[in-house]
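So the mapping is simple: the numbering used here equals the position in the sequence shown, first residue as 1, plus 30.
Where is the CB? At the ideal position from N, CA and C, for every residue including glycine.
See below for the structure under consideration.
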Amino acid sequence: VGALYGPLHGGANEAVLKMLARIGSVDKIPSFLARVKAKQEKLFGFGHRVYKNFDPRAKLIRTLVDEVFAITGKDPLVEVAEALQDAALADAYFANRKLYPNVDFYSGLIYRAMGFPPEFFTCLFAVPRL
């Protein structure tokens, strides 16, 4: 399980939550993306080693976001996540690099809505692989 830890693998969904919290609001997305392009920030939850175009799991988990938040109440970071996704997908810089949302982009928001602390995310990532 320890080998899965880190912001580029099992801890990616936790890194996404921290990134969304740093962005804070929709109006700060353009400046955040400018810092990503200048290599001053990392865009977590986008791109995948295997899925070079769109991660098919991301489409499925995105539909679960609406279902989960219909029950738990909407997390304010969902609005930031949706706007960030839309802005990145519309930007040629990210499209040309084939950076599309992956499964980790929304999974941390779902785990948090279910009451799991971020420290548990890597374990939740590992359990189905055991």
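- Contact check for A45 against D134 passes: the beta carbons are separated by less than 9 Å.
- Leaving aside the five residues that flank E71 on each side, the residues in its chain whose CB is nearer than 7 Å to its CB run, in chain order, F62 and R65.
- Taking the C-beta atoms as reference points, Y136 is found nearer than 9 Å to A88.
- Runs of the beta strand (DSSP E) lying entirely within the region 40-81, each at least 3 residues long, are absent.
- Residue pairing from DSSP leaves P86 without any beta-bridge partner.
- Under DSSP, P148 forms no beta bridge with any residue.
- Distance from the Cα of I53 is smallest, within the candidate group F84, V95 and E109, for E109.
- Runs of the alpha helix (DSSP H) lying entirely within the region 104-129 and spanning at least 4 residues, in chain order: 106-120 and 122-126.
- Across the set L139, K67 and L160, the C-alpha of L139 shows the shortest separation from the C-alpha of V98.
- Per the coordinates, the alpha-carbon of L47 lies some 17 Å from the alpha-carbon of D96.
- The continuous alpha helix (DSSP H) containing L139 extends over residues D134 to A143.
- About 7 Å separates the Cβ atoms of F76 and N132, confirming a contact at the 8 Å cut-off.
- Rounded to the nearest whole angstrom, the C-alpha separation of K58 and A68 is 16 Å.
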